[in-house]
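Novice: The working numbering numbers the first residue of the sequence shown as 10 and each following residue consecutively. Idealized CB from N, CA, C, for every residue including glycine.
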Amino acid sequence: MARKIGYTLNRNGKIETNKSEGSRRYYRRELLGMSTVQLRDIARREKVIAGIVNPMDKEALIETILRYRGADEKLLIRKYSEKGWQTLENALRRTNLQPQPTLHPECSAKFTIWQQLAVDYYDNLTVKYTPELIGTNALVLDGERNLCGIFNVEPKGRNQDYLYLRKEAGLPCKEAAVKRYTLLFFDRSASAQIFRIYSGEAGYVPENIRTAQVPLVDFTVREPKTLHLPVAIDFGTSNTAAGAYLDHLYFESQQLETPPGIRENEINYAIFYDRLHDFAETNLLPSVVSVLSLKDQEESQYLFGYDAVEMAADSYIDEGFCVFYDMKRWISDYEKDEEITDRHGRRAFVPRKEILRAFFLHVIHALENRLKCRIQGIHISSPVKQKYLFQKLFREILPEYAVEHDTVDEGVSVLYNTVSELIEQKKARKNQLYHALIIDCGGGTTDLSSCKFRVDDQRVSYKIDIETAYENGDTDFGGNNLTYRIMQLLKLKIAELLAQTYDQQQSDGNWALQHEVYGNKAAFDAQTRERMRQITSSKELLRGFDVDIFRSVDENGPDALYRGIDNAYEMAEAIIPTKFKEWEKESRTDYFKVKNNFYFLFHCAEQVKKAFFEKAGALKIILTAEGNHEAPGRNWQLSREIPIDDGESIVLHMDKWKLAVHQAGGIVTIKQLSDIVFSIFDVNLLLTPDIYGVIQRFLEPLYETGDIEDYNIIKLTGQSCKIDLFRDSLKEFVPGRVIKSKRKSGDSSDCRELKMTCIDGALKYLRDKKYGYADVHIISQPPKLPYRLTGFTHNGEEIDLIDGSRRLSHGELSRNMDNLTLMLYLKDQDGNNRYNFTYTCTQDEFEPKTQEEIEAIYGDHIPQDDTDTIIHREAKFFIWSEPKEWGFMIVPVYREGETLMLGKEKFQSFENDGWMNSFFDGTK
């Protein structure tokens, strides 16, 4: 029978094991401080065979040792257990609390806690920085040793001024009859004892526990009040934000106990912490979900936002991980199941709407924790073309919240923020009709909306009339496309470096250096080396962009300019594989190495893009790894800025190059790589064709007809529009003075405002409606479909059934009863075929119906004039668009003699996973 491993923590936070009970366990923080030689000694001593047989670098040894001999990083009490709470309380009453002479904590003396809400960094419950307290539990006791609260003592990034007391929302707190409170601090060893007592792992209660006791002036526990105004959530492809307008009623309900940093009569946002950038405070949460564990099959455990991004960053190169990006696209088919896996290889299938619900609950709870209140009503902005679908989904997945029916779409939200600013600045001219064009470029899509609005300052309120319409859009263009272009360039630069290193080693005969770079396997074979020679250099490829890009795109489109770089990127796949979809039938280790390649390169490219376009004056970006420079860093961390002679350079520091290359001996991990440099001029050249291409496609028709001159305002919104290339492209069609965006100084704070424009507008709309400041009337015109749906008649003639450009929304197509397979073809405005829909049915599925019964179901979509023309054994397919659901309906009607027969209806979404471009499906 296997022996149970026993261990205790010493004062230095290391594990001391009872040698008679088994091998010891190791913390990551210990191993990071050791040399490679020490790590190899541990692998030999602990008989970690993988670390003995194969020579490994430091990172690989650490991951291997942790895999077999890893210990819990922090023994912190985060989850509530009624039994554990009672057990710990009883233990504290029986044990002797002895003073800990080495600890002298200084902390906040007054605590105000809101029941069942989290305590986080923004609550400013601080402790003077004491290394011995990091990662420990702290307890609040009353005068009779009743347990009143459990907190965790944690650092905030590299800040060494303070530690912070934090608490999960599920851990309760309580006031006591004897209001004499004491806060207990413990060293790591004693804190581990507290954890084991709480979790039921301790076999006995120690007679003495050393602790530092700090008297509290006050410990108040309050019940959170319900916020009477709805909150707003802006769900984006890349980032999500949430906020609420807090009026005087909110502050009255708080009874002078206002949470730190909350502002009256202003918009307050949920706060998140970017773990990869030293816990920087931000209002944006990455729209990312990762799978933490599937151990409990009843409820999957997820990580969200920065935690999910960090999990992907910290995953070892061949370690399994499951991360979901681009979830906003799921709305068109949210009933679909997704396959999820955890790091241990466990698999499950869950509906997309379950993952979306978990993500939105996380966002809602984050806002509740920040505002210290309960949320009742929710307003979730949506794209104008999918407004109905969004409302339908959120009412279904968030039944416990009142999802607003009177919602405004993203375009109107942005516009209303502009209207509100005009009113506040006294710039809105009475009864003047304004025309606005809104270009919203987010992470995954770009949408074009038009608006007309008029403001009338009446006696009791402003009368605001808004008419909005969806004009055009590109489902396949957004910020992710720009990141992918930079990723292409990055992959080619790495392939060039590998080729140069190989050539140098061959000419110098320096095979020892080759071993350091490529490991102990054979170097590239002749075929792979020949592929390297055939790849055009990145400098030469970029020379092809050094033309009048605008005129070239006008004449040939953007694809012509990108053809060379696309071909070179495909050739580089043989060296640095990223298409992990093609590796599903290979070994699990190789599959995850290739998957890691894609995610690593994509995130590096994303950081390069952000560094250039969020920091004014940056001329160069240097991607470097440990050993190339002295400065320490985390993966993809913006660690420091180094001025150089020709401008400012930003260094993006990584621990290691987490890449695997394909060579003669198989897929081998890269251990070293020279610094990679990007210049702002190269990046601008690379991105200009794509950006100008989408602007030209939207605005050229308006420019040619002269309608572009009718617009007083052209509004740029969405985080991608922080790139000045959008403004430069717009100036080809409109004067710069009518272009409105928040991009002013080039500072990164402006980029946050671009995202917040939508949520600010929604909250101002809700406020003005609630208080009667404005009488707002919104008319939403049916969205223009940027698609055509066609089909073929029996004699081969292709006919239009639905055509957005001609406002054709209804069509018919007939078949003989013996052939009930219907093929329909979805095309974009340029006539390119995007997807083929297939509808099939059998004669048994038809039911007799009278014309009156058919009209009662489908109304004017199937009129009698059209059914009267159906002949014997003819099946006529009625097809019409459903703009609210962004799709179309197919209903067949068949005639048998004099009897009409109704077939099964089928709804098809215009946009689905079958044809929309995704950068995360393993095909790039």
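Based on the DSSP output, what are the partners of Cys934 in its beta bridges?
Specialist: Only positions 10 to 933 of the chain appear in the structure, and residue 934 is not among them; the question remains open.
Novice: Identify, in the order they occur along the chain, each residue of the same chain with its Cβ nearer than 7 Å to the Cβ of Phe399, setting aside the five sequence neighbours on each side.
Specialist: For Phe399, where only same-chain residues beyond five positions count, the Cβ hits under 7 Å are Ile340, Ile389 and Ser391.
Novice: Taking Thr104 as the reference, give the member of Pro215, Gly166 and Tyr780 with the closest Cα.
Specialist: Selected option, being the one with the closest Cα: Pro215.
Novice: So Phe160 packs on Lys176, CB below 8 Å; how close in whole Å?
Specialist: Their Cβ separation, rounded to whole angstroms, is 5 Å, which keeps Phe160 and Lys176 in contact under 8 Å.
Novice: Between the region 292 to 310 and the region 330 to 338, are three or more C-beta pairs nearer than 8 Å?
Specialist: They touch, by the three-pair rule.
Novice: According to DSSP, Arg3 sits in a beta bridge with which residue or residues?
Specialist: Given that the chain is displayed from residue 10 to residue 933, the structure contains no residue 3 and the question cannot be resolved.
Novice: Do three or more CB pairs link the region 173 to 188 to the region 203 to 220 at distances below 8 Å?
Specialist: In short, these stretches do not touch, since the Cβ pair count stays below three.
Novice: In this structure, does DSSP put Asp756 in helix, strand or coil?
Specialist: Bear in mind that the predicted position of Asp756 carries a pLDDT of just 44, short of 50, making it too unreliable to give a figure here.
Novice: Taking DSSP as the reference, what is the three-state secondary structure of Asp50?
Specialist: In the structure shown, Asp50 sits in a helix (DSSP, three-state: H, G or I).
Novice: Does DSSP put Pro857 in a helix, a strand or coil?
Specialist: Note: Pro857 maps to strand in three-state DSSP.
Novice: Quick check on the DSSP output: the alpha helix (DSSP H) that includes Arg103 runs from which residue to which?
Specialist: Glu91 to Arg103 is the span of the alpha helix (DSSP H), which, as asked, contains Arg103.
Novice: Using 7 Å as the threshold, is the C-beta distance between Pro114 and Val223 below it?
Specialist: Contact flag set, yes.
Novice: Among the candidates Gly166, Tyr89 and Lys381, whose CA atom is the shortest distance from the CA of Val230?
Specialist: Val230 has its Cα closest to that of Lys381, out of Gly166, Tyr89 and Lys381.
Novice: Can you tell me whether DSSP reads Pro892 as helix, strand or coil?
Specialist: Helix, per DSSP.
Novice: Shortest alpha-carbon distance to Ala69 belongs to which of Gln543, Glu419, Thr678 and Leu550?
Specialist: Cα-wise, what sits closest to Ala69 is Thr678.
Novice: State the CB to CB distance for the pair Thr799 and Tyr834, rounded to an integer number of angstroms; the pair is presumed to be in contact (CB under 8 Å).
Specialist: At roughly 5 Å, the Cβ-Cβ gap stays under 8 Å, so Thr799 and Tyr834 are in contact.
Novice: How is Phe330 classed by DSSP in three states: helix, strand or coil?
Specialist: Phe330: coil per DSSP, three-state reduction.
Novice: Going by CA-CA distance only, name the one from Thr220, Asn825 and Met765 that's closest to Thr427.
Specialist: The residue with the shortest Cα to Cα distance from Thr427 is Met765.
Novice: Just mark Glu525 as buried or exposed, buried being the case when its beta carbon has 16 or more other beta carbons within 10 Å.
Specialist: For Glu525, the predicted structure reports a pLDDT of 45, less than 50, and the residue's modelled location is therefore unreliable. A value from the coordinates is still provided. Classification for Glu525: exposed.
Novice: Pairing CB atoms from the region 475 to 489 with CB atoms from the region 448 to 460, are three or more of them under 8 Å?
Specialist: Touching, yes.
Novice: Pairs of beta-carbons, one from the region 908 to 919 and one from the region 833 to 850, closer than 8 Å: are there three or more?
Specialist: With a cut-off of 8 Å, the region 833 to 850 and the region 908 to 919 count as touching, because enough Cβ pairs lie within range.
Novice: Hey, would you say Phe559 sits closer than 7 Å to Tyr701, going by beta carbons?
Specialist: Closer than 7 Å, so yes.
Novice: By how many angstroms is the C-alpha of Glu894 removed from the C-alpha of Thr416?
Specialist: If you take the alpha carbons of Thr416 and Glu894, they lie about 16 Å apart.
Novice: Quick check: what's the CA-CA separation for Asp50 versus Leu75?
Specialist: Approximately 14 Å between the Cα atoms of the pair.
Novice: Please state whether DSSP places Arg776 in a helix, a strand or coil.
Specialist: If DSSP states are grouped into helix, strand and coil, Arg776 belongs with the helices.
Novice: Mind checking Ile811: buried by the 16 CB within 10 Å criterion, or exposed?
Specialist: Result: buried.
Novice: Can you confirm whether Glu861, when its beta carbon is compared against all beta carbons of chain C, has any partner nearer than 7 Å?
Specialist: Among the chains of the structure shown, chain C does not appear; only one protein chain is present.
Novice: Thinking C-alpha only, which one of Glu273, Lys629, Trp666 and Asp151 is nearest Ser688?
Specialist: Minimum Cα distance to Ser688 is reached at Lys629.
Novice: Gly420 lies in the alpha helix (DSSP H); which residues open and close that run?
Specialist: Per DSSP, Gly420 belongs to the alpha helix (DSSP H) from Glu419 to Glu433.
Novice: Which full runs of the alpha helix (DSSP H) of 4+ residues lie inside the region 675 to 760, going along the chain?
Specialist: Within the region 675 to 760, the complete alpha helix (DSSP H) runs of at least 4 residues are 689 to 714 and 733 to 739.
Novice: Tell me whether the beta-carbon of Pro567 lies closer than 7 Å to the beta-carbon of Pro698.
Specialist: Yes, Cβ-Cβ distance for Pro567 and Pro698 is below 7 Å.
Novice: I need the DSSP call for Ser198, collapsed to helix, strand or coil.
Specialist: Reduced to three states, the DSSP call for Ser198 is helix.
Novice: Distance, Cα to Cα, Glu549 vs Val703?
Specialist: Their Cα atoms are separated by approximately 25 Å.
Novice: Exposed or buried, Ser729, counting other C-beta atoms within 10 Å across all chains shown (16 or more means buried)?
Specialist: Buried, because 16 or more other Cβ atoms sit within 10 Å of the Cβ of Ser729.
Novice: What did DSSP end up calling Gln917 once you bin it into helix, strand or coil?
Specialist: In this structure, Gln917 counts as strand in the three-state DSSP scheme.
Novice: Hey, is the region 468 to 480 in contact with the region 712 to 730, meaning 3+ C-beta pairs nearer than 8 Å?
Specialist: Counting Cβ pairs under 8 Å, fewer than three are found: no touch.
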